[in-house]
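Protein sequences, first through last, are from chains X and F.
Take the first sequence: its letter number 529 is residue 528 in numbering that gives the first Met the number 0, and every next letter is one higher.
Take the second sequence: its letter number 123 is residue 122 in numbering that gives the first Met the number 0, and every next letter is one higher.
Positions of the beta carbon are idealized from the N, C-alpha and C atoms, including for glycine.
Predicted model, so just to flag it, every value in this text is computed and none were measured.
Notes to accompany the following structure.
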Amino acid sequence: MKLTGAEIILECLLREGVDIMFGYPGGAILPTYDTMTKYPQLRHVLVRHEQGAAHMADGYARATGKVGVVIATSGPGATNLVTGIATAMLDSSPIVCITGQVPSAVIGSDAFQETDVTGVTLPVTKHNYLVYNVEELAYTIREAFHIARTGRPGPVLVDIPKDVQTAVTEFVYPEGPIELPGYRPPQRAAEEDIAAALALIESAERPLILAGHGVIMSGAGREVLQFAEMTQTPFALTLLGKGGLPETHPLSLGMMGMHGTGHANLAIQNADLLLAFGMRFDDRVTGNLKTYAPNAKKIHIDIDISEIHKNVRVDVPIVGDLKTVLGQLMPHVKPIEHKAWLGQIRDWMEDADERDIVNRDVGERLFAAHVIHDMWRATGGDAVVVTDVGQHQMWEAQYYPHQRPHTLLTSGGLGTMGFGMPAAIGAALGLGGPNVWAIVGDGGFQMTLPELGTAMQERAPVKIAIINNGFLGMVRQWQEFFYEERYNATPMHNPDFVKLAEAYGIPARRVTRREDVIPAIEWANSITDGPTLIDFVVETHDLVYPMVPAGADLHKMIRRPLPSDTAI
Amino acid sequence: MKRTLVALVENKPGVLNRVASLFRRRNFNIDSLTVGRTENPAISRMTIVVDADAEKIRTQLYKLVNVIQVQDVTEIPDVSRDLALIKVRVNSQTRGEVVQLCDIFRAHIVDATTDALIVEVTGDEDKITSMTELLRPIGILEMVRTGMVTMTRGEHVLSPNGYKPRPSGNGYRTNVL
Ligand SMILES: Cc1ncc(C[n+]2csc(CCOP(=O)(O)OP(=O)(O)O)c2C)c(N)n1
Ligand SMILES: [Mg+2]
Chain X
0 MKLTGAEIIL ECLLREGVDI MFGYPGGAIL PTYDTMTKYP QLRHVLVRHE QGAAHMADGY
60 ARATGKVGVV IATSGPGATN LVTGIATAML DSSPIVCITG QVPSAVIGSD AFQETDVTGV
120 TLPVTKHNYL VYNVEELAYT IREAFHIART GRPGPVLVDI PKDVQTAVTE FVYPEGPIEL
180 PGYRPPQRAA EEDIAAALAL IESAERPLIL AGHGVIMSGA GREVLQFAEM TQTPFALTLL
240 GKGGLPETHP LSLGMMGMHG TGHANLAIQN ADLLLAFGMR FDDRVTGNLK TYAPNAKKIH
300 IDIDISEIHK NVRVDVPIVG DLKTVLGQLM PHVKPIEHKA WLGQIRDWME DADERDIVNR
360 DVGERLFAAH VIHDMWRATG GDAVVVTDVG QHQMWEAQYY PHQRPHTLLT SGGLGTMGFG
420 MPAAIGAALG LGGPNVWAIV GDGGFQMTLP ELGTAMQERA PVKIAIINNG FLGMVRQWQE
480 FFYEERYNAT PMHNPDFVKL AEAYGIPARR VTRREDVIPA IEWANSITDG PTLIDFVVET
540 HDLVYPMVPA GADLHKMIRR PLPSDTAI
Chain F
0 MKRTLVALVE NKPGVLNRVA SLFRRRNFNI DSLTVGRTEN PAISRMTIVV DADAEKIRTQ
60 LYKLVNVIQV QDVTEIPDVS RDLALIKVRV NSQTRGEVVQ LCDIFRAHIV DATTDALIVE
120 VTGDEDKITS MTELLRPIGI LEMVRTGMVT MTRGEHVLSP NGYKPRPSGN GYRTNVL
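Pasting the structure below:
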């Protein structure tokens, strides 16, 4: 069968199981856009800015576990993707970006809308390609999907000159195995490593599991939980690990790190064994590396060999797929008790409840924590929540315990403001159900605000909750703590978000009082065939507690003052 | 301490750029990097001399899809060679001195004019450094070194496990740059 390059692209997408792609047209990708008319089974979502397309594909991928697909034109179209690609890279999210490129004959001549896109995206992709030859197109796209979704997943970009899209060749879909001599994601652990890990596990008195994104991506939640229960080992979660294990489980210590729970961080600092499962000792979870978990032996299981010893030297490194490795380990694990250790951790919780803002009488005032706590209640704790970046993101992490994998989608590694709403649109379109909430700050929401148009046009059933504190809250928090309350460039004059949504034909409400929170959420839940928006106007001068200042020792947390010590 | 890594990479466009970009963004200091063909036209071989955490570099290199194999050969007995071309200003007095030095170092004079000689010297780091130091007072006009290439002794080899590239269209370009 003779096909054009553009037809080959779309044929290959179909064979990869793609049903939706997020994109924006332009000259260099037009042959492919024109060819889409022959492929109605491939839904195309027209975004309002290419960054939105990348976040949507990323949100789609994180929610469904499938590869998200982005399509954009050369030059500015492709460079607009960069933030979204970098976001996917740092959080190991599998997306494939297809970009048009100027015709191969003029590459290198500064042609109209020419950018060296493979050069620009080289450091922020897992791999990328510039396809010069239509004969190589099918194989390249197949490779791109394979690389994106296997091993440690990540973004892959395929740059395709316009003439390659129009060139014709015999199309033979390459069915055989993919031959990538330099790409063999590890699976199993060596037996001696399993034995070494077992020895540490059996002798530990104060063990602790650190569960990261890898638990979710490897699909190892059940195995990790089994291990935790069998060995009575408590677990703490990274931000991206949330959802990997049931957070209301008695062994759960909640989130670790900069805004983690006090008892999780104290457990890390006092543990004699850390079991790091699919996590990478990011600086946001370790604090000062010199004083990090000083008494703990460390077992590190990760699929990416370059994570081993990168930030923290470990005693037993195991490079492999977490689920597979735990499958090797579990048959040898014997039941153990750690009563004293668990009791000690419970004592560390001390007065945390008393300090907690949701347990206080705050009069008329509405705090973000209330909104998120009530949202957790009103959604049965079972919504897919997509956050933006800032204080609201941390409050989500603290006040919305997740039970299932793929239910918290958030930009952790890059901390990309503007991620939330488009990623939620991608998730909602991928899941097809009305259970997706975007929790966004008033600042970040406005970074990708035009995607409201996409939500409207596609009738994406996404519920947008703006945590509106009139500030770039997280920056304001740092200014309050570390810059003597000089609030430079953080107060924001916002538009009327309700009117704005209504201009898009999106039903919207404003909530300013606690008693209106749950009714508003129930109202949004009742709308299932398109987007809704709620503007939660919350306290401006609130702070995320506890906080470990950047680079400080993990146990030196700033805690929320007790009610007796301060007004709030 | 300096360490030597040998890497087998796919001979494809952009691979050297990927490796160099990795070194730059991870802030690895590279002493020298050479790249060239091997007995298999689909594979190029790099010798990388670093004054840094070689294990970190090795594991980071594995993140690159086109990198087939990397080994730190510092502790393995090996043959290492660097080649230098050194152009020396000479006159009737110093010419003999240079010829003598070449004798001692088993270097060759590969070009000669009345005012200048080009000396070709091959050897390990130390040999080339001492040769350079001895020629410097005589007057080095210009100099170029290829960088180190290394091969382990005996039967030990770095092998890509019989890798053959997939057959590809006529436009397929093999060029590691
Ligand atoms: C694209 C981008 N620019 C800047 C930052 C730095 N930053 C982190 S949080 C934050 C404030 C976010 O404000 P808002 O969206 O209102 O959320 P809040 O913290 O108030 O909940 C800023 C500016 C960032 N993370 N991303
Ligand atoms: Mg804000």
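Q) Considering only C-alpha positions, which residue in the set X:Ala147, X:Pro176 and X:Ala137 is nearest to X:Thr159? A) Here residue 159 of chain X is taken as the residue at index 160 of the first sequence, counted from 1. First, the amino acid is wrong: residue 159 of chain X is Ile here, not Thr. Among X:Ala147, X:Pro176 and X:Ala137, the Cα nearest to that of X:Ile159 belongs to X:Ala137.
Q: Output the boundary residues of the beta strand (DSSP E) element that contains F:Glu141.
A: Along the second sequence, read from residue 1 onward, the residue named residue 141 of chain F stands at position 142. Where F:Glu141 is concerned, the enclosing beta strand (DSSP E) stretches over Ile139 to Arg144.
Q: Within the same chain, show all residues whose beta-carbon is closer than 7 Å to that of X:Ala60, passing over the 5 residues directly before and after it, in chain order.
A: For the purposes of this step, residue 60 of chain X is identified with residue 61 of the first sequence, where counting begins at 1. Cβ within range, chain order: Val66, Gly67, Ser92, Pro93 and Ile94.
Q | Supposed close pair X:Arg513, X:Gly319 - CB separation, criterion 8 Å | A | Sequence index remark: in the first sequence, residue 513 of chain X carries index 514 (1-based). Sequence index remark: in the first sequence, residue 319 of chain X carries index 320 (1-based). X:Arg513 to X:Gly319, Cβ: 48 Å. No contact.
Q. Residues in the stretch 75-104 of chain F with C-beta within 9 Å of chain X's C-beta atoms, listed in sequence order?
A. none
**Q.** Other residues of its chain near X:Pro421: CB distance less than 6 Å, five sequence neighbours each side excluded
**A.** Position 422 of the first sequence, counted from the first residue, corresponds to residue 421 of chain X. Only Gly51, His54, Met55, Thr447 and Glu450 meet the Cβ criterion.
**Q.** chain X contact for F:Ile67 (CB, 8 Å cutoff)
**A.** Reading the second sequence from its first residue, position 68 is the one you call residue 67 of chain F. Cβ-Cβ to chain X under 8 Å: yes for F:Ile67.
Q | Counted within 10 angstroms of its Cβ, other Cβ atoms place X:Lys37 as buried (16 or more) or exposed | A | Reading the first sequence from its first residue, position 38 is the one you call residue 37 of chain X. So X:Lys37 ends up on the exposed side.
Q | Close Cβ partners of F:Leu157 (< 7 Å) along its chain, the five nearest in sequence each way excluded | A | Position 158 of the second sequence, counted from the first residue, corresponds to residue 157 of chain F. Contacts found: Val5, Leu7, Gln68 and Gln70.
Q) What is the C-beta distance between X:Asp541 and X:Ala367, in whole angstroms, given that I count them as a contact (C-beta under 8 Å)? A) Position 542 of the first sequence, counted from the start, is the residue given in the question as residue 541 of chain X. Position 368 of the first sequence, counted from the start, is the residue given in the question as residue 367 of chain X. Contact flag correct, Cβ pair sits at about 6 Å.
Q: Just the chain X side, please: which residues come within less than 8 Å of F:Glu9 by C-beta, in chain order?
A: Counting from one through the second sequence, the residue named residue 9 of chain F turns up at place 10. Per Cβ cutoff of 8 Å: Pro180 and Gly181.
Q: For X:His258, count neighbouring Cβ atoms within 10 angstroms of its own Cβ and tell me buried if that reaches 16, exposed if not.
A: In the first sequence, counting from the first residue as 1, residue 258 of chain X sits at position 259. Buried, by the Cβ-count rule.
**Q.** Unbroken beta strand (DSSP E) run spanning X:Ile94, endpoints
**A.** In the first sequence, residue 94 of chain X corresponds to position 95, counting from 1. Segment Ile94 to Gln100, the beta strand (DSSP E) holding X:Ile94.
Q. Which class does X:Ser91 belong to by DSSP, given the choice of helix, strand or coil?
A. By one-based count along the first sequence, residue 91 of chain X stands at place 92. In this structure, X:Ser91 counts as coil in the three-state DSSP scheme.
(Q) Which residue wins for smallest C-alpha separation from X:Gly261, given the options X:His554, X:Met35 and X:Pro433? (A) Stepping through the first sequence from its first residue, residue 261 of chain X is reached at position 262. When only C-alpha atoms are compared, the closest one is X:His554.
Q: Can you give me, in chain order, the residues of the stretch 106-124 of chain X that have a beta carbon less than 9 Å from any beta carbon in chain F?
A: Thr117, Gly118, Leu121 and Pro122
(Q) Checking the sheet assignment: what are the DSSP bridge partners for X:Pro206? (A) By 1-based counting over the first sequence, the position of residue 206 of chain X is 207. DSSP output for X:Pro206 lists X:Leu272 as bridge partner(s).
Q | X:Ile436 - partner residues in DSSP beta bridges | A | As a first step, residue 436 of chain X is located in the first sequence; it is residue number 437 there, counting from the start. In the sequence on display, residue 436 of chain X carries Trp and not Ile. In the DSSP output, where bridge partners are listed per residue, X:Trp436 has X:Val384 and X:Lys462.
(Q) Against chain X, does F:Gln59 count as a neighbour if the rule is that its beta carbon must be under 8 Å from one of theirs? (A) For the purposes of this step, residue 59 of chain F is identified with residue 60 of the second sequence, where counting begins at 1. Judged by the 8 Å Cβ criterion, F:Gln59 is in contact with chain X.
**Q.** Under the three-state DSSP convention, the category X:Tyr544 falls into
**A.** Counting from one through the first sequence, the residue named residue 544 of chain X turns up at place 545. Here X:Tyr544 sits in coil by DSSP.
**Q.** Given 8 Å, three or more beta-carbon pairs between the stretch 100-107 of chain F and the stretch 115-135 of chain F
**A.** yes
Q | Separation of F:Met0 from F:Val49, as counted between CA atoms | A | Numbered from its first residue, the second sequence carries residue 49 of chain F at position 50. Numbered from its first residue, the second sequence carries residue 0 of chain F at position 1. Whole-angstrom Cα-Cα distance: 8 Å.
Q: Return the residue from the list F:Lys55, F:Thr149, F:Thr113 and F:Leu21 that minimises the CA-CA distance to F:Asp77.
A: Here residue 77 of chain F corresponds to residue number 78 of the second sequence, with the count starting at 1. Closest by alpha carbon: F:Thr149.
Q: Please list the residues of the stretch 279-307 of chain X that have a C-beta atom closer than 9 Å to any C-beta atom in chain F, keeping them in chain order.
A: Asp303, Ile304, Ser305, Glu306 and Ile307
Q: Specify, as a first and last residue, the run of the beta strand (DSSP E) that F:Glu119 falls within.
A: Walking along the second sequence from the start, residue 119 of chain F turns up at place 120. Ala115 to Gly122 is the extent of the beta strand (DSSP E) around F:Glu119.
Q.
Along the chain, where does the alpha helix (DSSP H) containing X:Asp57 start, and where does it finish?
A. As a first step, residue 57 of chain X must be located in the first sequence, where it is residue number 58. Its alpha helix (DSSP H) spans residues Glu49 to Thr63.
Q) Counting Cβ pairs closer than 8 Å, one from the stretch 39-48 of chain F and one from the stretch 83-98 of chain F, do we hit at least three? A) no
Q.
I want to check one thing, is the minimum distance from the CB of X:Ile463 to the heavy atoms of ligand 4 below 7 Å?
A. Annotation note on ligand 4: not contained in the displayed structure, which lists ligand 1 and ligand 2 as its ligands.
Q. Where does X:Ser410 fall in DSSP's three states?
A. What you label residue 410 of chain X is simply residue 411 of the first sequence in a count that begins at 1. Looking at X:Ser410 - three-state DSSP - the assignment turns out to be coil, as it is neither helix nor strand.
Q.
Does X:Phe535 come out as helix, strand or coil in the three-state DSSP assignment?
A. Looking up residue 535 of chain X in the first sequence gives position 536. Three-state result, X:Phe535: strand.
Q | Chain-ordered chain X contacts of F:Arg189 [CB-CB under 8 Å] | A | No answer is possible for residue 189 of chain F: it lies beyond the span of chain F, which begins at 0 and ends at 176.
Q) In this structure, does DSSP put X:Thr3 in helix, strand or coil? A) Counting from one through the first sequence, the residue named residue 3 of chain X turns up at place 4. Here X:Thr3 sits in strand by DSSP.
Q: Measure from the C-beta of X:His126 to each C-beta in chain F and report whether the shortest distance is under 8 Å.
A: Here residue 126 of chain X is taken as the residue at index 127 of the first sequence, counted from 1. True, the Cβ-Cβ gap to chain F drops below 8 Å.
Q: Under 6 Å Cβ to Cβ from X:Ala5, same chain only, skipping five residues before and after it: list those, please.
A: By one-based count along the first sequence, residue 5 of chain X stands at place 6. Within the same chain, X:Ala5 has close Cβ partners Pro30, Thr31, Thr34 and Gln164.
**Q.** Selected residue, minimal CA-CA separation from X:Tyr182, among F:Lys62, F:Val109, F:Val143 and F:Arg135
**A.** For the purposes of this step, residue 182 of chain X is taken as the residue at position 183 of the first sequence. Looking at the Cα atoms, F:Lys62 is the closest of the given residues.
Q | Span of the alpha helix (DSSP H) around X:Met35 | A | Residue numbering aside, residue 35 of chain X sits at position 36 when the first sequence is read from its first letter. Per DSSP, X:Met35 belongs to the alpha helix (DSSP H) from Leu29 to Met35.
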